[in-house]
Amino acid sequence: MSKTLTMYGLAHCSTCQKAQADLQDNGWTVQFRDVQKEPLSAEERAALVAQFGDKIINRASLTWRGMSDDERAADPVAMMGEKPSVMKRPAIRADDLSGLGWTANVKRSFGVPA
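In my numbering, the protein residues as written are 52 to 165.
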């Protein structure tokens with residue numbers, strides 16, 4: 052298995068920064084993609100929704116809390132296109148591994164001590 056992964060998130064997100072540092076410290080090459088500065092295509096967003104389901108939407112975020120009921124009812128693919136910061140982060144993909152957030156289970160799956 053390759054020790055290269057792609058991480059989707061926001062550069063200013065402290066959780067993304069911590070995850071990136073932890074992964075690099077444990078031998079991973081991290082290709083980071085700031086979804087605000089380099090928006091995901093509709094196909095990329097659809098692939099994340101297919102992989103993670105509706106958990107890809109961070110319902111605890113300030114972005115979510117500031118959205119109207121109509122905005123919250125939108126399709127997750129469209130929602131992430133309109134407001135990239137509503138995506139739960141980091142979303143991590145590497146060959147046959149994937150993870151959403153930076154929980155103990157996600158850390159362990161990538162060989163990072165929890």
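Beta carbons are placed, not taken as given, at the ideal position from N, Cα and C, and that holds for glycine.
Item	Value
So within the region 83-120, which uninterrupted alpha helix (DSSP H) runs reach at least 4 residues, ignoring any that extend past its ends?	93-103, 113-116
Any contact of the region 87-100 with the region 124-132, i.e. 3+ C-beta pairs under 8 Å?	yes
Within this structure, are the beta carbons of residue 100 and residue 141 separated by less than 8 Å?	no
Which of helix, strand or coil does DSSP assign to residue 151?	strand
Report the rounded CA-to-CA distance for residue 156 versus residue 109, giving the unit in angstroms.	18 Å
I want to know whether the region 65-80 touches the region 110-118 - three or more CB-CB distances under 8 Å.	no
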